[in-house]
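In this note's numbering, the protein residues as written are 2 to 119.
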Amino acid sequence: MNVVLHEGKNLPQSDNWGLCDGFVRMEINGQSWESSVQRNTLRPAWEDEVQFIVSDKSEDLKITLFDWDMAGEELLGSLNISCEELSELGDELKHHLWAMTQADEANQVRTSHHPVHL
Ligand SMILES: [Ca+2]
C-alpha cells in the first residue's frame, strides 16, 4: 500500500520562539515510517510517500502528528484508519483525506493513498 502525505494546516503554535515543526509518523503491522520535519510553519507541505506491506485490509494505519523540538518531540494528535476504509475512499478526488486529529480539532493532516494491492 502506498500512502502519500501531502500537507497539514492549522497546526498549533507550539513553540515559544517560533511556530511549529510538524512531522508525521505512520505505523502499521510492525512497520514504522517518519516524514521529514517542516520547520517553523503552521501549514507544512511534506509531499512524502511511503510504501507499507499490508496482508490484512482490516489492519489500522496509525497516523500521528508531532512537533519536533531540540529536546524531543511533542504529540499533537493521532488518528487510526483501517486499510479498508482508505481503499473505500474510491476515486482520485476521494483519495484526499483531511484527517482530523483527535487531540486537537484544529490540527489537520491531509493524506492520500493509492489503492491497496494484496
Ligand atoms: Ca518545535
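We put the CB at the ideal spot given by N, CA and C, even for glycine. All values derive from a computational prediction rather than experimental measurement.
Can you tell which of the options has its C-alpha closest to the C-alpha of residue i?
{"i": "residue 39", "options": "54, 86, 6", "result": "6"}
{"i": "residue 29", "options": "18, 21, 16, 55", "result": "55"}
{"i": "residue 82", "options": "63, 74, 18, 71", "result": "63"}
{"i": "residue 57", "options": "84, 79, 41", "result": "84"}
{"i": "residue 8", "options": "18, 20, 49, 21", "result": "49"}
{"i": "residue 21", "options": "79, 86, 67", "result": "67"}
{"i": "residue 18", "options": "70, 53, 61, 27", "result": "70"}
{"i": "residue 31", "options": "88, 61, 3", "result": "61"}
{"i": "residue 4", "options": "41, 16, 53", "result": "53"}
{"i": "residue 16", "options": "27, 2, 74, 51", "result": "74"}
{"i": "residue 51", "options": "65, 27, 41, 87", "result": "27"}
If we count the other Cβ atoms within 10 Å of its Cβ and call it buried at 16 or more, is residue i buried or exposed?
{"i": "residue 23", "result": "buried"}
{"i": "residue 59", "result": "exposed"}
{"i": "residue 80", "result": "buried"}
{"i": "residue 78", "result": "buried"}
Measuring only from the beta carbon, is residue i closer than 7 Å to any heavy atom that is part of ligand 1?
{"i": "residue 1", "result": "Any question about residue 1 goes unanswered here, given that the chain covers just 2 to 119."}
{"i": "residue 124", "result": "This structure gives no information on residue 124, because the portion of the chain shown stretches from 2 to 119."}
{"i": "residue 15", "result": "yes"}
{"i": "residue 49", "result": "no"}
{"i": "residue 61", "result": "no"}
{"i": "residue 21", "result": "yes"}
State the CB to CB distance for the pair residue i and residue j, rounded to an integer number of angstroms; the pair is presumed to be in contact (CB under 8 Å).
{"i": "residue 36", "j": "residue 25", "result": "5 Å"}
Can we say the stretch 37 to 45 touches the stretch 7 to 17, given the rule of at least three CB pairs closer than 8 Å? Touching, per the Cβ criterion.
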